[in-house]
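First comes the structure, then the notes that go with it.
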Ligand code: ADP
Ligand code: MG
C-alpha cells in the first residue's frame, strides 16, 4: 500500500511541475472535446432517425473541431513535457555528489520516459474527469434508466484498473531498477575497461552484464504480460457494462417504447462514457516507466547534496585538520562509509591512509574537501567547523588529486592550468616535471598544446593521474589531499613521482591515500581504515619504519 502512496506522491509532484496555466488550458481543451462529442452524437442520432442530410455538415464540423482540439492539446502537452524535462535535467546536473552511473541513466534515456506521462496520461486524466459527467448528464436528459445503469457500472472501471495497476506498478519498479543497475554497471565497466583487460577480467564482466541484461528482460516481459492482461480485464468490464445498457434499449426500441433518435443517442454515447476511463488505464501503463524514472530523479534531487558552507574564510597559514567522530552514510547504502572516525592531522603533518578497497579512504578525503557532508561528527580546520567555512575559499587552498581525475577536452597545458588559471607556460612545465609528466607530454603529437579527447581519451590512467598531480602542484595550497596518486604507475615512474610528491608535500598539511611502501615512506604517520572505522591499535608511528622499507 505504501508503494501505491509513493506512486501517487510522485505523480502529484510531477503534475506540480506543470505550470498552472498549462493544466487549465489542457482542462479547457478536454472539456471542449467532451462538449463536441456530445453535440456530434446528438447530431448523428437526429440525422439518422430523421433521415435529415442537412445536419451532416454540422456533424462533420463537430468531428473536425474535436480532432483539432485533440491536436492542440497534444501540442500543449508535448511542449510542457519538454519544459519539465529540461528543468529536471538542469536540477540533476546541478545536484550533489551522487553516484554518477545512475545520474547518467537518468540524464540520458531515463527522463525521456516521462514523455508518455505528460503527452498521454495527463490529457487523458483530464478527459476522464470531464467527459463521463458530460455524457451522463446528456444521458439523463435522453433516457434516465440508461443513465442510472451507466452511473452504477462506471466506477467498476477505475476499481478494476486500480487493482491491476498496483501490481503493474510493482513490476515496473523492478524493471526500472534493473535497467538502472545495468546502466550503472556498464558505465563502471566501460570506464575501467583498460584496467580490466590488463588483469584479464573482461570475461567475468561480460558474464555479469549478460546476467543483468537477462534480469532486465525478465522484468520487462513480466510487466508487459500484466499490462496486456489488465487491458483485457478492463475491456471486458466495459463491454459488459455497455451490453447492460444496449440490450434493454434494443428491446424497448423493438417494442416501440422508445423513440429511434433517443435510442440511437444512448447507444452512441454510452461507450463514450467508459472510453476515457479505460484509456486512462492504458495511458497509465505507458507512463509507469516515466513515473518510476521520475521517482528516481526526485530521490537523487532530495539526497543530501554537497554542503554549501558558511562565510568564515580560513587563515593563510598551514592549518591543522581534525575529524571528530565523523560518520558518513551515502543515500541508499545500508552500511556507513565512515563510522565515528576521529583523526587529528597537525599543521604540516603528512598522514597516510591505507586500507582495503571500500574502506572509506576516498570518502575521508571528500569529507575534508567539503564535497560530502557527514551525517554526524565535525571536521575542524584550525578549530573552525567546516560547516561554517566558506567552502569555495577553502577548496582554493586545497591541492586535490582524486582517485579518478577528470581531464577536459582541452590542451594538456590548459588541463594542468586548472590548478591556477593564470599560470604561464614555464610554471606549467615545472609542475609537469614535478609530477613526472614531462616525458610523456613531450611524446604527445603537439606537446603541451595537444588537445585531449573528451574525458581525457588518448592518455593512460597513470598519465591522467600524473596530470592531476601536476594540477595540484600548480594549485599549491597549504593542504594536499592525494588519493592513490601512484596506483597505476610502473616502478620507475612511481619512484620519480614520489620524489616529486615529497617536494609537493613538504611543509604542508597532507592526507595521502597510499598502498605502496614508496609513497608511505613520505608520511609521518600511517592510519589504517577498515570497513569505515579507524583500525584501533594500528595507528602506526612509522615514519622511520616506512623510510627503511
Ligand atoms: P575506498 O576509497 O577506501 O575504496 P570509498 O570511500 O570509495 O572507499 O567507499 C567507501 C564505501 O562507501 C564503499 O562501501 C562504497 O561502496 C561506498 N560508496 C562510495 N561512494 C559512494 C556513493 N557515491 N554512493 C554510495 N556508496 C558509495
Ligand atoms: Mg578510493
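Residue numbers (the working numbering): 106 to 654. Idealized CB from N, CA, C, for every residue including glycine.
Element boundaries [beta strand (DSSP E), containing residue 614]: 614–618
Own chain residues within Cβ distance below 8 angstroms of residue 545, not counting five before or after: 564, 568, 571
As assigned by DSSP and simplified to three states, the class of residue 457: strand
Cut-off 7 angstroms between Cβ atoms - residues of its own chain near residue 393, not counting five sequence neighbours on either side: 273, 274, 277
Cross-strand partners of residue 516 (DSSP beta bridge): 556
For residue 629, the first and last residue of its enclosing alpha helix (DSSP H): Note, residue 629: premise wrong, no alpha helix (DSSP H); not H, not E.
Simplified DSSP state of residue 188, which is helix, strand or coil: helix
Coarse secondary structure for residue 243, derived from DSSP in three states: helix
Residue 589 Cβ short of 8 angstroms to the ligand MG heavy atom set: yes
C-beta contact flag for residue 336 and residue 153 at 9 angstroms: no
Proximity test, residue 508 beta-carbon vs the ligand ADP heavy atom, cut-off 8 angstroms: yes
Where residue 502 falls: helix, strand or coil (DSSP): coil
Residues near residue 388 in its chain [Cβ-Cβ closer than 6 angstroms; skip 5 each side]: 225, 226, 229
Proximity to residue 83 [Cα-Cα], best of 220, 347, 576, 327: Shown here, the chain extends from 106 to 654; a query on residue 83 therefore has no answer.
Any non-hydrogen atom of the ligand ADP within 8 angstroms of residue 634 CB: yes
8 angstroms contact criterion, which residue 627 and residue 606 should meet: CB distance rounded: 6 angstroms
DSSP-derived helix/strand/coil call for residue 481: strand
Ordered list of alpha helix (DSSP H) runs contained in the segment 113–189, each at least 4 residues: 125–154
Backbone CA spacing between residue 126 and residue 177 [nearest angstrom]: 15 angstroms
Same chain, Cβ closer than 8 angstroms to residue 143, neighbours up to 5 away in sequence not counted: 239, 240, 243, 374
Identity of the residues DSSP links to residue 432 by a beta bridge: 481
Opening and closing residue of the alpha helix (DSSP H) in which residue 369 lies: 365–407
Residue 469 burial status per 10 Å Cβ neighbour count (16 or more: buried): buried
Residue 623 beta carbon less than 9 angstroms from that of residue 639: no
Chain-order list of residues whose beta-carbon lies under 6 angstroms from that of residue 619 (same chain, five-residue window excluded): 457, 625
For residue 433 and residue 260, the rounded distance between their alpha carbons: 50 angstroms
heavy atom of the ligand ADP below 8 angstroms from residue 435 C-beta: yes
At least 3 beta-carbon pairs within less than 8 angstroms: the segment 414–433 vs the segment 476–490: yes
Residue of 465, 429, 504, 137 minimising C-alpha distance to residue 435: 465
Beta-bridge partners of residue 635, as assigned by DSSP: 638
Buried or exposed (CB count within 10 angstroms, at least 16 for buried), residue 416: exposed
The segment 501–521 / the segment 583–602 touching (three or more Cβ pairs under 8 angstroms): yes
Identity of the residue in 502, 262, 523, 219 nearest residue 116 by Cα: 219
Residues near residue 160 in its chain [Cβ-Cβ closer than 8 angstroms; skip 5 each side]: 148, 151, 152
Span separating the alpha-carbon of residue 452 from that of residue 289: 40 angstroms
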